[in-house]
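Numbering (our numbering), first residue to last: 27 to 319. See structure below.
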């Protein structure tokens, strides 16, 4: 019988020593420090809002200013929820932002596919003209948009608030850039099977565009949720106020109630925080796949 052969295994120290260790460069350290500083700067107002909402109303205007409440209380949240206005604002913002997000995805996907996967005379010139809309400030369009909504009888309606927010040239650009990166081999294979443009878009392009569609949807939803100017002008009925418009109009009989305002602001921002926490991976993946910085 032959002698059993011994199996040589590298020692633990040798294995750990052979692994490449990450090198810390000056550029990487500067990026990390800058990111931490920006994170702290972004978190300071949020922390201040939460702490102020936990203070009694008398403490919010006390001098000297204190960060931590001496007697933490949830009274501001109770009063805000008892009024019932915030619940209505949340429903209005949810309905309007959802409608804007769905319609924006439909319109922008169709436009981006047409610019990316079809060929027609004047395509480049039309796309350049379309992108020029990014340079137009939204404030310039307030008067003509309001006249148009008045002519259509859509003032003080959900549609009047939502429809002018649907057209988003920057989202068309992002989607077109992603569609351009999809290999044409898939499109040609679908054509050999007799598929037309609607079938190619539905069965080939959209299934491969999940991350970027999720990113565009979340960006659109957040932008619509935070929009103040157009909902403030298009909806004169208090029953149609969104969260930003409602927060801007809150003032008690004895002046501004800072604790209640901060409590309403924190509750109004919670849906956005939940949406981002649930879909942050899709946002990061979509932005990365689109090649955006």
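All C-beta atoms in this analysis are idealised placements derived from N, C-alpha and C, irrespective of residue type, glycine included.
Straight-line gap, residue i to residue j (C-alpha atoms, nearest Å)
i           : j           : result
residue 149 : residue 140 : 9 Å
residue 260 : residue 172 : 7 Å
residue 228 : residue 211 : 16 Å
residue 87  : residue 94  : 13 Å
residue 239 : residue 91  : 45 Å
residue 202 : residue 126 : 20 Å
residue 104 : residue 189 : 35 Å
residue 61  : residue 74  : 20 Å
residue 179 : residue 78  : 42 Å
residue 213 : residue 154 : 25 Å
residue 237 : residue 306 : 10 Å
residue 123 : residue 51  : 43 Å
residue 162 : residue 63  : 32 Å
residue 182 : residue 117 : 15 Å
residue 58  : residue 253 : 32 Å
residue 278 : residue 166 : Interpretation of residue 278 is limited by its pLDDT of 49, a score under 50 that renders its predicted location unreliable; the figure taken from the coordinates is listed afterwards. Rounded to the nearest angstrom, the two C-alpha atoms are 33 Å apart.
As assigned by DSSP and simplified to three states, the class of residue i
i           : result
residue 283 : coil
residue 295 : helix
residue 90  : coil
residue 217 : helix
residue 248 : helix
residue 162 : coil
residue 118 : helix
residue 210 : helix
residue 203 : helix
Nearest to residue i (by Cα), restricted to the options the options
i           : options               : result
residue 255 : 297, 284, 268 and 116 : 268
residue 120 : 266, 134, 153 and 67  : 266
residue 98  : 110, 108 and 85       : 85
Sequence-distant residues of the same chain with beta carbon closer than 7 Å to residue i, five excluded per side
i           : result
residue 17  : Within the shown structure, residues of the chain are numbered from 27 to 319, placing residue 17 beyond reach of any answer.
residue 197 : 130, 134, 242 and 246
Cut-off 8 Å between Cβ atoms - residues of its own chain near residue i, not counting five sequence neighbours on either side
i           : result
residue 100 : 80
residue 205 : 138, 139, 142, 143, 231 and 235
residue 280 : Residue placement at residue 280 is poorly supported in this model, since its pLDDT is 43, which falls under 50; the coordinates still yield a value, given next. For residue 280, where only same-chain residues beyond five positions count, there are no Cβ hits under 8 Å.
residue 223 : 139, 143 and 144
Any non-hydrogen atom of the ligand FMN within 7 Å of residue i CB
i           : result
residue 305 : Of the ligands one can find in the structure shown there are none, so the ligand FMN has no counterpart to examine.
Cut-off 6 Å between Cβ atoms - residues of its own chain near residue i, not counting five sequence neighbours on either side
i           : result
residue 226 : 213 and 216
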